[in-house]
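What follows is a single structure, written as structure tokens, with notes after it.
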Amino acid sequence: GHNHTWYYEYADIKPLLDEVIRPEHCVLELGCGDAPLLTKMAECYTAEERQQEEVGEERKYGQLVAVDYSASVISALERARRKLEVSPRLDACLEFRCLDARDMSSRFPRHAAATGAARDMSSRFPRHAATTGAARDMSSRFPRRAAATGAATARSAEVDADAETEGEVDVVIDKGTMDAMLCGGNAAAFRDVSAMLREALRCCKSNCAYVLISHMQFEQPQFEDVLDSVIFPLLGESLCAVCFTGELLLC
Numbered sequence: 025g026h027n028h029t030w031y032y033e034y035a036d037i038k039p040l041l042d043e044v045i046r047p048e049h050c051v052l053e054l055g056c057g058d059a060p061l062l063t064k065m066a067e068c069y070t071a072e073e074r075q076q077e078e079v080g081e082e083r084k085y086g087q088l089v090a091v092d093y094s095a096s097v098i099s100a101l102e103r104a105r106r107k108l109e110v111s112p113r114l115d116a117c118l119e120f121r122c123l124d125a126r127d128m129s130s131r132f133p134r135h136a137a138a139t140g141a142a143r144d145m146s147s148r149f150p151r152h153a154a155t156t157g158a159a160r161d162m163s164s165r166f167p168r169r170a171a172a173t174g175a176a177t178a179r180s181a182e183v184d185a186d187a188e189t190e191g192e193v194d195v196v197i198d199k200g201t202m203d204a205m206l207c208g209g210n211a212a213a214f215r216d217v218s219a220m221l222r223e224a225l226r227c228c229k230s231n232c233a234y235v236l237i238s239h240m241q242f243e244q245p246q247f248e249d250v251l252d253s254v255i256f257p258l259l260g261e262s263l264c265a266v267c268f269t270g271e272l273l274l275c
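As structure tokens, then:
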């Protein structure tokens, strides 16, 4: 009956998440475990919905999709959903799916035109960097790579610039999933993380945001290895903003 949360609770990071997530967004949580942030988000939206109804307003909601590779975890979440304090509208938007984050095609079908296309996330970064007081400039740490302005340049060899079909996801949340996958610290681990990121980007709209909640510190070699081996090969070397506070990285 107890969940296992070693990272921030939803209430702790809600102000930062609100910078990139709106109620109408489709949100995908990778490796949600038994304490998905999306269930707390749905409960929070329900409380706000009641206030909206009092003034005669009605919100539109996007799908909230929490995925995990463990069938037992997903089954437990489904059994527990009747205890959630969510409205019928939010309950209809909340999905628990047993999926491998490296291949989510059963929920987000592959389109021939978009397969392998890296998505440009630059349109969302500048606004977030401008409004988040905790944002740090990484240029002193990574002077060759960091850029104060400009668009993130996707330079993967598999990019299809003419892709006509984009995914449905607006925001991806990764709370500790990348950390867990990197525990092996070997080449296979980095390949798995790269596959997960590539698959997540495939499912996303062109102006998506990827929210990474991690114990990694960007001063540590491990994070630089992730940048060099995974993030930059997918997104390019020009990151518009990396917002970092404590263990929370939004990128």
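Counting in the working numbering, the sequence shown runs from 25 upward without gaps.
Virtual Cβ for every residue (Gly too), placed ideally from N, Cα, C.
Bear in mind that the values here come from a model prediction, so they are computed numbers and not experimental data.
Sequence-distant residues of the same chain with beta carbon closer than 8 Å to residue i, five excluded per side
i, result
"Glu223", "Ala125, Arg126, Asp127, Met128"
"Leu123", "Val91, Asp92, Tyr93, Ser130, Arg131"
"Gly157", "Because Gly157 carries a pLDDT of 36, less than 50, the predicted location of this residue cannot be relied on, and no value is offered for it."
"Gln76", "Glu82, Arg83"
"Cys207", "Ala213"
Spatial neighbours of residue i in its chain, beta-carbon cut-off 7 Å, leaving aside the 5 residues before and after
i, result
"Asn210", "none"
"Ile45", "Val51, Val195"
"Glu73", "Arg83, Ser111"
"Asp216", "Arg126, Met205"
"Met202", "Val217, Leu236, Ser238"
Contacts around residue i, its chain only, beta-carbon distance under 6 Å, and the 5 residues preceding and following it disregarded
i, result
"Met220", "Ala125, Arg126"
"Gly200", "Tyr31"
"Ala95", "Cys122"
Cβ-Cβ distance between residue i and residue j below 8 Å
i, j, result
"Glu67", "Glu109", "yes"
"Thr70", "Ser111", "yes"
"Phe214", "Ser253", "yes"
"Tyr85", "Leu61", "no"
"Gly57", "Val97", "yes"
"Leu258", "Leu225", "yes"
Nearest-angstrom beta carbon gap, residue j and residue i [assumed within contact, 8 Å]
i, j, result
"Glu48", "Gln87", "Contact flag wrong, Cβ pair sits at about 10 Å."
"Glu43", "Ile197", "So it is not a contact: roughly 13 Å between Cβ atoms."
> Which whole runs of the beta strand (DSSP E) in the stretch 193-240 are 3 residues long or more, in chain order?
Replying inline: With a minimum length of 3 residues, the unbroken runs of beta strand (DSSP E) contained wholly in the stretch 193-240 fall at 193-199, 228-237.
> Which ranges would you report for the alpha helix (DSSP H) in the stretch 61-97 if only whole runs of at least 4 residues count?
Replying inline: The DSSP assignment places complete alpha helix (DSSP H) segments of no fewer than 4 residues inside the stretch 61-97 at 61-78, in order along the chain.
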